[in-house]
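Residue numbers (our numbering), protein chains in the order written: chain A, 1 to 152; chain B, 1001 to 1068.
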């Protein structure tokens, strides 16, 4: 098949040579996708404020409830971690419930009238510490935790 | 997702609903009597019955001594 040349190429044979040597390459360079937003609970800490002793429930480690006597004052907090791959805006809620399911102390961190905290991937964040709760009922007391989060 | 803006409030006072939620509950504390006396407010009736009885005995004894 005869090659056709433009007038410019005919007048300038060097240009025609460069055009023949051109080639193309494409790199799949960047994948733009929405990251994974995920958080996990870490350890939970109970403090017997009457004695000053603290007790920690670790992730994945079986535990029994802490055996504490009537009338002691207690407090609690827990840790959570951004296990996704994007920064998250986060608000953490903690509550202590008595054996009848009544909330005896609770707190948001940050408080509801504040903007959520921004937590980067792999970084931990503590709930607020709620304390001064008198153990005035016999039975099992619960610590309840809730993580509210979204991509920052 | 921003749900609500509160206008006219001090800086930073914005409420937001965050889309994802995780929950966990720990059975944290088992409360037993363990021979520990309940605090005074829970021992209230017995405390006052005891104090009243002691006062009554004291009055009776004082009166009997006065007669002697």
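The beta-carbon is built from N, C-alpha and C at its ideal position, and this holds for glycine as well. Keep in mind it's a predicted model, so treat the numbers as computed, not measured.
For residue i, the three-state DSSP class (helix, strand or coil)
i: residue 21 (chain A); result: helix
i: residue 1024 (chain B); result: strand
i: residue 143 (chain A); result: strand
i: residue 74 (chain A); result: strand
i: residue 130 (chain A); result: strand
i: residue 1065 (chain B); result: helix
i: residue 1059 (chain B); result: helix
i: residue 42 (chain A); result: strand
Reference residue i, options the options, closest by Cα
i: residue 87 (chain A); options: A:35, A:22 and A:55; result: A:35
i: residue 154 (chain A); options: A:30, A:62 and A:130; result: Any answer about residue 154 (chain A) is impossible in this case: the structure gives chain A only from 1 up to 152.
i: residue 1027 (chain B); options: A:75, A:61, A:143 and A:125; result: A:143
i: residue 123 (chain A); options: A:140, A:62 and A:84; result: A:84
i: residue 127 (chain A); options: A:107, A:102 and A:141; result: A:107
i: residue 102 (chain A); options: A:23, A:139 and A:50; result: A:139
i: residue 1025 (chain B); options: A:152, A:22 and A:93; result: A:93
i: residue 141 (chain A); options: A:67, A:51, A:114 and A:147; result: A:67
i: residue 69 (chain A); options: A:51, A:60 and A:25; result: A:51
Cut-off 7 Å between Cβ atoms - residues of its own chain near residue i, not counting five sequence neighbours on either side
i: residue 110 (chain A); result: 91, 116 and 117
i: residue 134 (chain A); result: 71 and 73
i: residue 120 (chain A); result: 82 and 87
Cutoff 8 Å; reference residue i; Cβ partners in own chain excluding five residues on either side
i: residue 54 (chain A); result: 45, 46, 47 and 48
i: residue 1 (chain A); result: In this prediction, residue 1 (chain A) has a pLDDT of 48, which is less than 50 and means its spatial position is unreliable; what the coordinates show is noted afterwards. Closer than 8 Å at Cβ, skipping near neighbours: no residue.
i: residue 137 (chain A); result: 98, 99 and 100
i: residue 1060 (chain B); result: none
Buried/exposed call for residue i, threshold 16 Cβ in 10 Å
i: residue 33 (chain A); result: exposed
i: residue 82 (chain A); result: buried
i: residue 112 (chain A); result: exposed
i: residue 1052 (chain B); result: exposed
i: residue 27 (chain A); result: exposed
i: residue 1054 (chain B); result: exposed
i: residue 37 (chain A); result: buried
i: residue 76 (chain A); result: buried
i: residue 1031 (chain B); result: buried
i: residue 1003 (chain B); result: Bear in mind that a pLDDT of 42 at residue 1003 (chain B), under 50, signals an unreliable position, so the model cannot answer this.
Sub-9 Å separation of residue i and residue j beta-carbons
i: residue 1022 (chain B); j: residue 78 (chain A); result: no
i: residue 62 (chain A); j: residue 1029 (chain B); result: no
i: residue 80 (chain A); j: residue 145 (chain A); result: yes
Residues of its chain near residue i, where Cβ-Cβ distance is below 6 Å and the 5 sequence neighbours each way are ignored
i: residue 149 (chain A); result: 39, 88 and 90
i: residue 56 (chain A); result: 43 and 45
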